[in-house]
Amino acid sequence: DSGVTQTPKHLITATGQRVTLRCSPRSGDLSVYWYQQSLDQGLQFLIQYYNGEERAKGNILERFSAQQFPDLHSELNLSSLELGDSALYFCASSVGARGGRLELFFGEGSRLTVL
Amino acid sequence: TQLLEQSPQFLSIQEGENLTVYCNSSSVFSSLQWYRQEPGEGPVLLVTVVTGGEVKKLKRLTFQFGDARKDSSLHITAAQPGDTGLYLCAGAWGSQGNLIFGKGTKLSVKP
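One line per chain: the protein sequences are A and B, in this order.
All residue numbers for the first sequence refer to the numbering used here, where the first residue is 3 and numbers rise by one.
All residue numbers for the second sequence refer to the numbering used here, where the first residue is 5 and numbers rise by one.
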């Protein structure tokens, strides 16, 4: 158990819909990261928050948005869903935000299926 | 854009064999990590290497960081079925706050 909690574990929805994925980081971790994992693209970095503020942005689509709340939990919002958005979405947390010794602890992921 | 290339993509071996998987980049890492991911779970950190030429051992796993800090290898001795999984390397560059992952090596160890 990494200490990172993600909900829901599985989600099936239709194209055009909107979903929200939730992440609670490990106790004491200030940074939250979102990654998308698909078979052909591997683990793709989407976005990072540190103590409520956006710190780094990766390959995140404009249809996707995220935020980190004062209690440090984070939500990833995916809208106007397309078939190609079907993937595993992972949240990870770390104590710090940057530097050579960054170590991530991953949740078990949310599997999104868009039909 | 920094890229991490891992090889081989797939590896299927018998229990007791040795194996090495590789992680390469054209850029210099400030640090590199290896993770293992099992089906239905998130990646789990195995090791972090920071210094060029560094070698770290974790039981039957040996991790090496290249002298120029552009590549790394993971060697498993006497592989066991419990070693089966997706091995991912992840690199950090400079002061970047995020890790970039390779696509992984999918290892299957048959009894």
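From the three backbone atoms N, C-alpha and C, an ideal C-beta is built for every residue, glycine too.
What first and last residue would you give for the beta strand (DSSP E) that runs through residue i?
i	result
Ile-62(A)	Premise fails: Ile-62(A) is in no beta strand (DSSP E) and is neither H nor E.
Phe-69(B)	65-69
Trp-36(A)	33-40
Lys-60(B)	59-62
Gly-106(B)	Note, Gly-106(B): premise wrong, no beta strand (DSSP E); not H, not E.
Thr-15(A)	12-15
Arg-28(A)	Per DSSP, Arg-28(A) belongs to no beta strand (DSSP E) and is neither H nor E.
Residue i and residue j look like a contact to me (Cβ under 8 Å); what is the Cβ gap, rounded to whole Å?
i	j	result
Leu-80(A)	Asp-87(A)	6 Å
Phe-105(B)	Leu-45(A)	4 Å
Ala-82(B)	Asn-22(B)	7 Å
Arg-40(B)	Gly-95(B)	16 Å between Cβ atoms; not a contact.
Phe-92(A)	Phe-108(A)	5 Å
Glu-84(A)	Val-116(A)	7 Å
Could you tell me which residues DSSP pairs with residue i in its beta bridges?
i	result
Glu-55(A)	Tyr-52(A)
Gln-70(A)	Ser-76(A)
Lys-114(B)	Gln-18(B)
Asp-3(A)	Answer is none; Asp-3(A) lacks a bridge partner.
Gly-89(B)	Leu-111(B)
Which ranges would you report for the beta strand (DSSP E) in the stretch 10-45 of chain B if only whole runs of at least 3 residues count?
Within the stretch 10-45 of chain B, the complete beta strand (DSSP E) runs of at least 3 residues are 14-18, 23-28 and 35-41.
Taking one C-beta from the stretch 47-59 of chain B and one from the stretch 67-76 of chain B each time, how about it: are there three or more such pairs within less than 8 Å?
Three or more Cβ pairs drawn from the stretch 47-59 of chain B and the stretch 67-76 of chain B lie within less than 8 Å of each other, which places the two stretches in contact.
Quick check: the stretch 50-57 of chain A against the stretch 6-13 of chain A, are at least 3 beta-carbon pairs closer than 8 Å?
no
Are the stretch 27-42 of chain A and the stretch 12-21 of chain B touching, with three or more C-beta to C-beta distances below 8 Å?
no
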